[in-house]
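**Student:** So in my numbering, spot 7 of the sequence shown is number 30, and the numbers just go up one at a time.
All residues carry an ideal CB built from backbone N, CA and C; glycine is no exception.
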Amino acid sequence: MGLFWAMAPETPHSKLLKKEVLSPTLVEIEALSRETGELLASETNERGYMTEGMKRIPVQEGRIRGVLFVPPGKGPFPGIVDLYTFGGRLTEPRASLLANKGFVVLALAYMGYQGLPKKPNKLDLEYFEEAATYLRRQSEVKGPGIGIISISHGGTLALSMSSFLSGISATVCINGCNANIAIPIHYKDIVIPPLFPIIKNIKITDSGLLDIRNAIPDPSLEKNRASLIPIERASCEFLFAVSEDDHNWNSVLFANQAAATLRSHGKESFKVVTYPKAGHFLEVPHMPYCPSGFHGVVGSDVVFGGEPKAHCEAQLDLWERVQEFFKSHLDNKSTC
Numbered sequence: 024m025g026l027f028w029a030m031a032p033e034t035p036h037s038k039l040l041k042k043e044v045l046s047p048t049l050v051e052i053e054a055l056s057r058e059t060g061e062l063l064a065s066e067t068n069e070r071g072y073m074t075e076g077m078k079r080i081p082v083q084e085g086r087i088r089g090v091l092f093v094p095p096g097k098g099p100f101p102g103i104v105d106l107y108t109f110g111g112r113l114t115e116p117r118a119s120l121l122a123n124k125g126f127v128v129l130a131l132a133y134m135g136y137q138g139l140p141k142k143p144n145k146l147d148l149e150y151f152e153e154a155a156t157y158l159r160r161q162s163e164v165k166g167p168g169i170g171i172i173s174i175s176h177g178g179t180l181a182l183s184m185s186s187f188l189s190g191i192s193a194t195v196c197i198n199g200c201n202a203n204i205a206i207p208i209h210y211k212d213i214v215i216p217p218l219f220p221i222i223k224n225i226k227i228t229d230s231g232l233l234d235i236r237n238a239i240p241d242p243s244l245e246k247n248r249a250s251l252i253p254i255e256r257a258s259c260e261f262l263f264a265v266s267e268d269d270h271n272w273n274s275v276l277f278a279n280q281a282a283a284t285l286r287s288h289g290k291e292s293f294k295v296v297t298y299p300k301a302g303h304f305l306e307v308p309h310m311p312y313c314p315s316g317f318h319g320v321v322g323s324d325v326v327f328g329g330e331p332k333a334h335c336e337a338q339l340d341l342w343e344r345v346q347e348f349f350k351s352h353l354d355n356k357s358t359c
């Protein structure tokens with residue numbers, strides 16, 4: 024599928040992002056004569072996201088904003104909350120494709136969507152608690168526990184949900200951080216302060232882009248420990264998927280620290296999977312590799328790391344692991 028994962032953007036530092044999934048992604052493929060440039064053949068490839076009978080339900084329930092995807096069939100099915108990266112915008116492809124595999128998935132927005140603040144001064148974990156409760160109450164959802172899938176900044180929120188909320192059985196954290204970043208997290212009378220990038224640790228690449236891999240300070244240092252997510256409180260299963268060439272931040276370090284925290288508290292309910300030469304945005308299979316793009320916290324274009332082929336292979340492997348992980352841990356009765 025190199026035709027697809029090797030595609031490059033016409034506009035530098037942009038990312039292919041399918042915002043809604045009611046229509047397929049169309050890719051025009053043309054074969055041209057090397058000698059004359061004459062068009063020899065053309066074809067349109069369609070990638071659909073909605074199988075026949077699947078439900079896509081916009082959610083405006085109290086404060087909750089998102090889209091619920093329900094597979095066809097009787098059910099009940101395992102339930103998953105899908106959290107995307109910083110900015111909290113709603114993205115539907117991963118949620119819809121997981122629903123194709125037999126999960127009820129709530130793609131949850133948490134910033135800048137349908138009345139949600141674009142630049143909140145805090146992230147209220149009770150909002151995510153309401154969303155988890157909403158999902159568990161759906162008649163199509165098999166209980167008692169649900170799962171969470173997350174990437175990047177969404178990983179911090181996923182770890183926070185797993186640590187403080189009940190009813191979470193399995194959490195996937197893709198290139199996330201074990202500490203809070205950029206925006207304070209509030210839950211009842213608890214506040215987790217954020218860490219911020221250290222400007223002097225940002226490098227400039229030969230192409231003029233920023234390399235922020237080492238900008239986030241080490242959360243394990245005593246002065247930063249207040250920002251750590253207390254995942255030792257969690258009793259669910261964790262899958263940490265990390266890219267060794269992630270240049271958004273040092274996700275390998277953060278995952279290993281999270282694993283060490285769990286292990287030091289007598290918990291072995293986790294797995295860390297590392298992908299050499301993969302970059303930050305591990306998406307669904309065959310999505311084009313994104314080497315660079317705009318970073319909302321830094322306010323500039325940054326490198327995300329990785330090599331195209333290795334990154335594609337990582338996405339394929341992770342997609343299968345995610346399905347296996349949720350099928351394994353959402354069919355039992357254990358919850359946090």
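1. How would you label residue 204, buried or exposed, when you count the other beta carbons within 10 angstroms and need 16 or more for buried?
2. Compare the beta carbon distance of residue 247 and residue 278 with 8 Å and say whether it is the shorter of the two.
3. Give me the Cβ distance between residue 167 and residue 138, rounded to the nearest whole Å; I'm assuming they're in contact under 8 Å.
4. In three-state DSSP terms, what is residue 159?
5. For residue 215, list the residues DSSP reports as bridge partners.
6. Between the beta-carbon of residue 250 and the beta-carbon of residue 280, is there less than 8 Å?
7. Using only the alpha-carbon positions, how far apart do residue 30 and residue 305 sit?
8. Please identify the residue among 297, 53, 232 and 334 whose C-alpha is closest to the C-alpha of residue 199.
9. Please report how far the alpha carbon of residue 84 lies from the alpha carbon of residue 150, in whole angstroms.
10. For residue 113, which of helix, strand or coil comes out of DSSP?
11. Flag this pair as touching only if the region 267-278 and the region 328-339 have three or more C-beta atom pairs under 8 Å; answer yes or no.
12. Does DSSP put residue 237 in a helix, in a strand, or in coil?
13. For residue 51, which of 37, 239 and 26 has the nearest alpha-carbon?
14. Per DSSP, what kind of secondary structure is residue 357 in: helix, strand or coil?
15. Quick one: residues in its chain with C-beta nearer than 7 Å to the C-beta of residue 66, no 5 flanking neighbours on either side, listed in chain order?
16. What is the rounded straight-line gap between the Cα of residue 356 and the Cα of residue 227?
17. Leaving out five residues before and five after residue 147 in sequence, what residues of the same chain have Cβ atoms less than 6 Å from its Cβ?
18. Buried or exposed: where does residue 256 fall if 16 or more other Cβ atoms within 10 Å of its Cβ makes it buried?
19. Which residues does DSSP pair with residue 312 in a beta bridge?
20. Is the beta carbon of residue 169 less than 8 Å from the beta carbon of residue 103?
21. Quick one: Cα of residue 134 to Cα of residue 141, how far?
22. Suppose you measure from the CA of residue 81 to the CA of residue 272; what does that come to, to the nearest Å?
23. Between the Cα of residue 322 and the Cα atoms of 350, 220 and 178, which residue gives the shortest distance?
24. Mind checking which residues open and close the alpha helix (DSSP H) that includes residue 331?
25. Indicate whether residue 99 and residue 186 have their beta-carbon atoms separated by less than 8 Å.
26. From the DSSP secondary-structure annotation, give me the bridge partner or partners of residue 298.
27. Quick test of your reading: residue 73 and residue 45, contact by CB under 8 Å. State the CB separation rounded to the nearest angstrom.
28. By DSSP, does residue 194 sit in helix, in strand, or in coil?
29. Residue range of the beta strand (DSSP E) that residue 102 falls in?
30. Going by C-alpha distance, which of 88, 97, 154 and 79 is nearest residue 121?
31. Does residue 183 come out as helix, strand or coil in the three-state DSSP assignment?
32. Looking only at C-alpha atoms, which of 285, 319 and 313 sits nearest to residue 334?
33. With respect to the beta strand (DSSP E) encompassing residue 129, which residues constitute its N-terminal and C-terminal limits?
**Tutor:** Judging by the given coordinates:
1. Numbered from 1 along the sequence shown, position 181 holds the residue referred to as residue 204. Around the Cβ of residue 204, a 10 Å sphere holds 16 or more other Cβ atoms; the residue is buried.
2. On the sequence shown, position 224 is the one that residue 247 refers to. On the sequence shown, position 255 is the one that residue 278 refers to. At a Cβ-Cβ threshold of 8 Å, residue 247 and residue 278 do not count as neighbours.
3. Translated into the one-based positions of the sequence shown, residue 167 becomes position 144. Translated into the one-based positions of the sequence shown, residue 138 becomes position 115. 31 Å between Cβ atoms; not a contact.
4. To locate residue 159, count along the sequence shown from 1; it is residue 136. Note: residue 159 maps to helix in three-state DSSP.
5. Taking the sequence shown and counting its residues from 1, the one referred to as residue 215 is at position 192. DSSP lists 208 as partners of residue 215.
6. As a working note, residue 250 is residue 227 in the sequence shown. As a working note, residue 280 is residue 257 in the sequence shown. No. Outside cutoff.
7. The residue you call residue 30 lines up with position 7 of the sequence shown. The residue you call residue 305 lines up with position 282 of the sequence shown. Between the alpha carbons of residue 30 and residue 305 lies a distance of about 15 Å.
8. Walking along the sequence shown from the start, residue 199 turns up at place 176. Residue 297 is the option with its Cα nearest to residue 199.
9. In the sequence shown, residue 84 corresponds to position 61, counting from 1. In the sequence shown, residue 150 corresponds to position 127, counting from 1. So the two alpha carbons sit approximately 11 Å from each other.
10. Here residue 113 is taken as the residue at index 90 of the sequence shown, counted from 1. Coil, per DSSP.
11. The region 267-278 is in contact with the region 328-339.
12. Position 214 of the sequence shown, counted from the first residue, corresponds to residue 237. Secondary structure at residue 237: coil, using DSSP grouped into helix, strand and coil.
13. As a first step, residue 51 is located in the sequence shown; it is residue number 28 there, counting from the start. Measuring from the Cα of residue 51, the nearest candidate turns out to be 26.
14. Translated into positions along the sequence shown, residue 357 becomes position 334. Residue confidence for residue 357 is low, a pLDDT of 47 falling below 50, so the modelled location carries little weight and cannot support an answer.
15. One-based indexing of the sequence shown puts residue 66 at position 43. Here residue 66 has 52 as same chain residues with Cβ atoms under 7 Å from its own Cβ, once five neighbours each way along the sequence are excluded.
16. One-based indexing of the sequence shown puts residue 356 at position 333. One-based indexing of the sequence shown puts residue 227 at position 204. Here the model assigns residue 356 a pLDDT of 49, short of 50, so the residue's position is not dependable, and the following value carries that caveat. Near 49 Å, if we compare the C-alpha coordinates of residue 227 and residue 356.
17. As a working mapping, residue 147 is identified with position 124 in the sequence shown. 209, listed in sequence order.
18. As a first step, residue 256 is located in the sequence shown; it is residue number 233 there, counting from the start. Flag for residue 256 reads exposed.
19. Numbered from 1 along the sequence shown, position 289 holds the residue referred to as residue 312. Paired residue(s): none; residue 312 is not in a bridge.
20. Locating residue 169 in the sequence shown gives position 146, where the first residue counts as 1. Locating residue 103 in the sequence shown gives position 80, where the first residue counts as 1. For residue 169 and residue 103, yes; Cβs fall inside 8 Å.
21. Residue 134 sits at position 111 when you count from the first residue of the sequence shown. Residue 141 sits at position 118 when you count from the first residue of the sequence shown. Each residue's Cα considered, the two are about 5 Å apart.
22. If you number the sequence shown from 1, residue 81 lands on position 58. If you number the sequence shown from 1, residue 272 lands on position 249. Taking the Cα positions, residue 81 is about 33 Å away from residue 272.
23. Translated into positions along the sequence shown, residue 322 becomes position 299. Ranked by how close their Cα comes to the Cα of residue 322, the residues 350, 220 and 178 have 220 in first place.
24. Here residue 331 refers to the residue found at position 308 when the sequence shown is read from its first residue. Judged by DSSP secondary structure, residue 331 falls within the alpha helix (DSSP H) whose first and last residues are 331-352.
25. Here residue 99 refers to the residue found at position 76 when the sequence shown is read from its first residue. Here residue 186 refers to the residue found at position 163 when the sequence shown is read from its first residue. Going by beta carbons, residue 99 and residue 186 fall outside the 8 Å limit.
26. Position 275 of the sequence shown, counted from the start, is the residue given in the question as residue 298. Beta-bridge pairing links residue 298 to 266.
27. Residue 73 sits at position 50 when you count from the first residue of the sequence shown. Residue 45 sits at position 22 when you count from the first residue of the sequence shown. About 7 Å; that satisfies the 8 Å criterion.
28. As a working mapping, residue 194 is identified with position 171 in the sequence shown. Strand at residue 194.
29. For the purposes of this step, residue 102 is taken as the residue at position 79 of the sequence shown. That run of the beta strand (DSSP E) goes 100-106.
30. Stepping through the sequence shown from its first residue, residue 121 is reached at position 98. Out of 88, 97, 154 and 79, 79 has the C-alpha closest to the C-alpha of residue 121.
31. Sequence index remark: in the sequence shown, residue 183 carries index 160 (1-based). Helix at residue 183.
32. The residue labelled residue 334 in the question sits at position 311 within the sequence shown. Checked all of 285, 319 and 313; the closest Cα to residue 334 is 313.
33. Here residue 129 is taken as the residue at index 106 of the sequence shown, counted from 1. Counting along the chain, the beta strand (DSSP E) containing residue 129 begins and ends at 127-131.
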